[in-house]
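Data first, discussion second: the structure below is written as structure tokens.
Chains as they are written, first to last, in this note's numbering: chain A, 1 to 74; chain B, 75 to 387.
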């Protein structure tokens, strides 16, 4: 099935990706971000905060955003 | 559909329409003349301040120049990016998605409002407090008249209950000056979100940035938010009442700074010495050690001493 993944860590790119039926939010996070701590990210499904074991569905929109985004003094 | 939902739907349609008419490939390039001229003006002012011995003004201008140079670098980068072959984002949010974003913003923020006439969309954040410093709520105001990738994002971050830094009233947040936020590591993410019409991501990323303090690169450090501590008496000193010791560059307040009686240099108490003969205060450069008695003396006393025969002392 196809879902939209928005990775706001770094470039903030949005891509449709194919995932297996029954994929959970945690599994998708590991596929997309790797070994980083999930607690350092706010993960939303269809713009809503979600549970780690939430099963994804066709057409879901998942965004992964760091909880701490540092500004500067430009 | 409620009235708010109707307004948001109309806004979503208008915003989506802007992507269709966005003049992103018109080839027009504008050099950062204004910023460059500002650099020149600051340099002239710095030269003048140095000529007149205005150390404090020189220091402030130097900081301002550093900030403007950073802005100039960012503007040059934007031009560089705009000159490269334009690749319009293949994925631009649909009206339905933009509308979904606007509805989600209603649930996420204390307040959301749209001004279609001026083509702005605003959200109000919760009151921000960083490391015990209250900064108040902020309005993040997006001008969506041109969200094309070729232009830098046009949005402001306005303090609604401003508690600006004592050192600089235009700094309302460690990373916000003159209502402009310095995006730091979020720069590319924000541009991508806007160029794809992902407004929910844009607003939540900027709000997240406002909730985060980067101690390594603030306009004004939170530790200095209420002023800088006087190195002599420990009182907090606002920028306009601040004096910088010209010897060690520490901050002293108006009550504690002392001018060297010989060269008029501004000093803190640590950088001053008392002549052991006349009791006058001098800076270290205006004191000399008597080669015979090893006492620290001011130049006048030393001259007088040298005139005296050795046996008379």
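Backbone N, C-alpha and C define an ideal beta-carbon position, used for all residues, glycine too.
These figures come from a predicted structure and were not determined experimentally.
Membership of residue 361(B) in the beta strand (DSSP E) is indicated by the continuous run 361 to 363.
The beta carbons of residue 345(B) and residue 357(B) sit about 6 Å from each other, so the pair counts as a contact at 8 Å. Between residue 326(B) and residue 360(B) a beta carbon distance of about 18 Å is seen, past the 8 Å cut, so the two are scored as non-contacting. For residue 70(A), the closest Cβ of chain B is nearer than 8 Å. Per DSSP, reduced to three states, the secondary structure at residue 249(B) is coil, with no helix or strand assignment. Bridge partners of residue 196(B) according to DSSP: 187(B) and 215(B). Checking the DSSP bridge columns, you'll see residue 13(A) partnered with 7(A). One alpha carbon belongs to residue 288(B), the other to residue 127(B), and they sit about 34 Å apart. Note that the C-beta distance between residue 135(B) and residue 116(B) is below 8 Å.
In the structure shown, residue 122(B) falls within a helical segment according to DSSP collapsed to helix, strand and coil. Note on residue 75(B): under 16 other CB atoms within 10 angstroms of its CB, so exposed under the neighbour-count rule. With a threshold of 8 Å between beta carbons, residue 29(A) makes no contact with chain B. Residue contact check for residue 59(A) against chain B: no CB pair falls below 8 Å.
Here residue 256(B) is buried, its C-beta having at least 16 other C-beta atoms within 10 Å.
DSSP places residue 181(B) in the uninterrupted alpha helix (DSSP H) bounded by 169 to 182. Within the same chain, Cβ atoms closer than 6 Å to the Cβ of residue 281(B) are found at 199, the five residues on either side in sequence being excluded.
Against residue 39(A), chain B offers no close residue; the least beta-carbon distance is about 15 Å (beta-carbon pairs closer than 9 Å). Under the three-state reduction of DSSP, residue 318(B) is assigned to strand. Taking all protein chains shown into account, residue 247(B) has 16 or more neighbouring C-beta atoms within 10 Å of its C-beta and is therefore buried.
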